[in-house]
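J.:
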Amino acid sequence: MTLYPRRALLASPTATAQAARAALADAWDWCHIDEADLVIALGGDGYMLQVLHLLLDARRSDVPVFGMNLGTVGFLMNEWRQHDLEERLTNARAVKVTPLLMTATGADGRIHTVPAINEVSLLRETRQTAKLEVSVNDRVVLEELACDGILVATPAGSTAYNLSAHGPILPLGSALIALTPISAFRPRRWRGAILPDKTRIKLRVLDQNKRPVSAVADQREIREVREVDIAIDRARELTLLFDPGHALDDRITMEQFIV
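Under our numbering, the residues of the sequence shown are numbered 298 to 556, in order.
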C-alpha cells in the first residue's frame with residue numbers, strides 16, 4: 298500500500314522553486330491541499346512557515362509536511378532531490394511541533410487570535426523605547442521593561458530570531474519556552490527567562506499613545522496593541538517529516554556547537 302496516497306505539491310513563487318515544482322509535476326497525481334494527507338513544500342524556511350499556517354488556518358494541522366530546501370538556510374527543510382522521493386517518504390522521521398497562540402488586544406479594543414510556530418514578538422513602532430509590563434501565570438514579574446521589544450519562542454523557533462536576540466537554544470521535546478528581551482535598557486541585567494511550556498504570559502504595553510508597539514506572530518503583524526496573551530496551543534500540534542539523520546531535533550541540538 299502506498300504511503301500517503303493523497304499528496305499536495307506546493308512551491309514558493311521563486312523561479313527555482315517553480316522549476317522544481319515543474320520537475321515533480323508528473324511524479325504523482327497531485328491533489329489540492331484541502332484533500333491531502335501529505336504536503337510536499339518546496340522553498341525556504343519562510344515558505345514552510347506559510348504552508349504550516351495554511352494548515353492551521355484550515356484546521357488541518359494533522360497533515361504532515363515534507364519540505365525540500367530551495368531557499369537560503371532551510372533549517373525546517375530537507376535537501377532538494379527529485380529522484381528518490383518515494384523512498385524518502387517511506388523512511389522519513391516525524392517530528393512534532395507545537396505552536397503558540399497569540400491573543401492580541403489592539404488599541405481600538407479589537408481582539409486578534411493568531412498562531413505562531415517560531416515566535417511571538419513585541420516590537421516598538423517608533424524611535425521611542427517600548428515600555429512593557431510582563432506577567433507570568435497572572436503574576437507581574439516585571440513592572441516595567443524598557444526595551445526595543447520582547448519575544449516568546451518555541452523550541453522549534455529558538456534558533457531563529459530568539460537566537461539572534463541572544464536567547465537560549467531549546468531542544469525539541471524539552472517542554473520549555475523562551476522569554477527573551479530585545480535590546481533591554483532597564484532592568485539592565487535582565488537577560489530573559491526559560492519557562493515551562495504550560496506557562497501563560499501576558500505583555501501589557503505601558504504609555505501606548507507615546508510608545509506604540511506592534512505584535513508579530515511569525516509573519517503576521519498586529520499594529521498598535523494594548524496587551525498580548527501568549528500560551529502553547531496543544532490542540533494544533535503540527536508534524537514535519539525529515540530524512541533520517543537530518544531531523545529538526547538533531548539540528549537544533551547541534552546548533553549549540555556552532556561557533
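C-beta atoms are modelled at their ideal positions from N, C-alpha and C, and glycine is treated no differently.
(1) Are there 16 or more other CB atoms within 10 angstroms of the CB of residue 535, so buried, or fewer, so exposed?
(2) Would residue 375 pass as a contact of residue 366 if the rule is Cβ separation under 8 Å?
(3) For the region 298-318 against the region 332-341, do three or more pairs of beta-carbon atoms, one drawn from each stretch, fall closer than 8 Å, so that the two count as touching?
(4) Find out if the Cβ-Cβ distance for the pair residue 491, residue 527 is shorter than 8 Å.
(5) For residue 405, which option in 555, 519, 446 has the closest C-alpha, if you only look at C-alpha atoms?
(6) Report the partner residues of residue 517 according to the DSSP bridge assignment.
(7) Within this structure, are the beta carbons of residue 513 and residue 429 separated by less than 8 Å?
(8) How is the beta strand (DSSP E) around residue 475 delimited, first residue to last?
(9) Out of curiosity, what's the CA-to-CA distance linking residue 556 and residue 479?
(10) Mind pulling the alpha helix (DSSP H) runs of 4 or more residues that sit fully within the region 348-398?
(11) Between residue 465 and the rest of its own chain, which residues show a CB-CB distance below 7 Å, the 5 nearest in sequence each way excluded?
(12) Rounded to whole angstroms, what's the CA-CA distance from residue 494 to residue 410? Just pull it up for me.
(13) Rounded to the nearest angstrom, what separates residue 355 and residue 541 at their Cα positions?
(14) Could you round the C-beta distance between residue 459 and residue 450 to whole angstroms and report it? I think they count as a contact, below 8 Å.
(15) For residue 299, count neighbouring Cβ atoms within 10 angstroms of its own Cβ and tell me buried if that reaches 16, exposed if not.
(16) For residue 351 and residue 447, what's the separation of their Cα atoms in angstroms?
(17) Tell me which residues share the same chain as residue 510 and place their Cβ nearer than 7 Å to its Cβ, disregarding the 5 neighbours each side in the sequence.
(18) In angstroms, rounded to a whole number, what distance separates the CA positions of residue 301 and residue 439?
(19) Could you check the C-alpha separation between residue 516 and residue 532 for me, to the nearest Å?
(20) With distance defined between alpha-carbon atoms, name the residue in 553, 545, 424, 554 nearest to residue 415.
(21) Ignore the nearest five residues each way along the sequence and tell me which others in residue 483's own chain have a CB closer than 6 Å to its CB.
(22) Straight-line CA distance for residue 463 to residue 346?
(23) Where residue 373 and residue 363 are concerned, what is the direct C-alpha to C-alpha distance, given to the nearest angstrom?
T.: In this structure, then:
(1) Here residue 535 is taken as the residue at index 238 of the sequence shown, counted from 1. Its Cβ being crowded by 16 or more others within 10 Å, residue 535 is buried.
(2) Here residue 375 is taken as the residue at index 78 of the sequence shown, counted from 1. Here residue 366 is taken as the residue at index 69 of the sequence shown, counted from 1. Cβ distance < 8 Å, so residue 375 and residue 366 count as in contact.
(3) yes
(4) Stepping through the sequence shown from its first residue, residue 491 is reached at position 194. Stepping through the sequence shown from its first residue, residue 527 is reached at position 230. For residue 491 and residue 527, no; Cβs fall outside 8 Å.
(5) Reading the sequence shown from its first residue, position 108 is the one you call residue 405. The candidate whose alpha carbon is nearest that of residue 405 is 519.
(6) In the sequence shown, the residue the question calls residue 517 occupies position 220. Answer by DSSP bridge pairing, in chain order: 514.
(7) The residue given as residue 513 occupies position 216 in the sequence shown. The residue given as residue 429 occupies position 132 in the sequence shown. No, they are not a contact pair.
(8) For the purposes of this step, residue 475 is taken as the residue at position 178 of the sequence shown. Residue 475 -> beta strand (DSSP E) spans 473-479.
(9) Stepping through the sequence shown from its first residue, residue 556 is reached at position 259. Stepping through the sequence shown from its first residue, residue 479 is reached at position 182. Approximately 22 Å between the Cα atoms of the pair.
(10) Counting whole runs of 4 or more residues, the region 348-398 contains the alpha helix (DSSP H) stretches 382-388.
(11) Here residue 465 corresponds to residue number 168 of the sequence shown, with the count starting at 1. Around residue 465: 455, 475, 491.
(12) For this step, residue 494 is matched to residue 197 along the sequence shown. For this step, residue 410 is matched to residue 113 along the sequence shown. Taking the straight line from one Cα to the other gives about 19 Å.
(13) Here residue 355 is taken as the residue at index 58 of the sequence shown, counted from 1. Here residue 541 is taken as the residue at index 244 of the sequence shown, counted from 1. C-alpha separation (whole angstroms): 29 Å.
(14) The sequence position of residue 459 within the sequence shown is 162, counting from 1. The sequence position of residue 450 within the sequence shown is 153, counting from 1. With a Cβ gap of about 4 Å, residue 459 and residue 450 count as contacting.
(15) Translated into positions along the sequence shown, residue 299 becomes position 2. Exposed is the call here.
(16) The residue labelled residue 351 in the question sits at position 54 within the sequence shown. The residue labelled residue 447 in the question sits at position 150 within the sequence shown. When rounded, the distance between both Cα atoms is 26 Å.
(17) Residue mapping note: residue 510 aligns to position 213 of the sequence shown, counting from 1. So the qualifying residues of the chain are 419, 420, 421, 422, 427, 502, 522.
(18) Within the sequence shown, numbered from 1, the residue matching residue 301 stands at position 4. Within the sequence shown, numbered from 1, the residue matching residue 439 stands at position 142. Taking the straight line from one Cα to the other gives about 49 Å.
(19) Here residue 516 refers to the residue found at position 219 when the sequence shown is read from its first residue. Here residue 532 refers to the residue found at position 235 when the sequence shown is read from its first residue. If I take the Cα positions, the gap works out to 21 Å.
(20) Position 118 of the sequence shown, counted from the first residue, corresponds to residue 415. Of the candidates 553, 545, 424, 554, the one whose C-alpha sits nearest the C-alpha of residue 415 is 545.
(21) As a working note, residue 483 is residue 186 in the sequence shown. Here the set comprises 443.
(22) As a working mapping, residue 463 is identified with position 166 in the sequence shown. As a working mapping, residue 346 is identified with position 49 in the sequence shown. About 22 Å.
(23) Taking the sequence shown and counting its residues from 1, the one referred to as residue 373 is at position 76. Taking the sequence shown and counting its residues from 1, the one referred to as residue 363 is at position 66. Looking at the two C-alpha atoms, the distance is approximately 9 Å.
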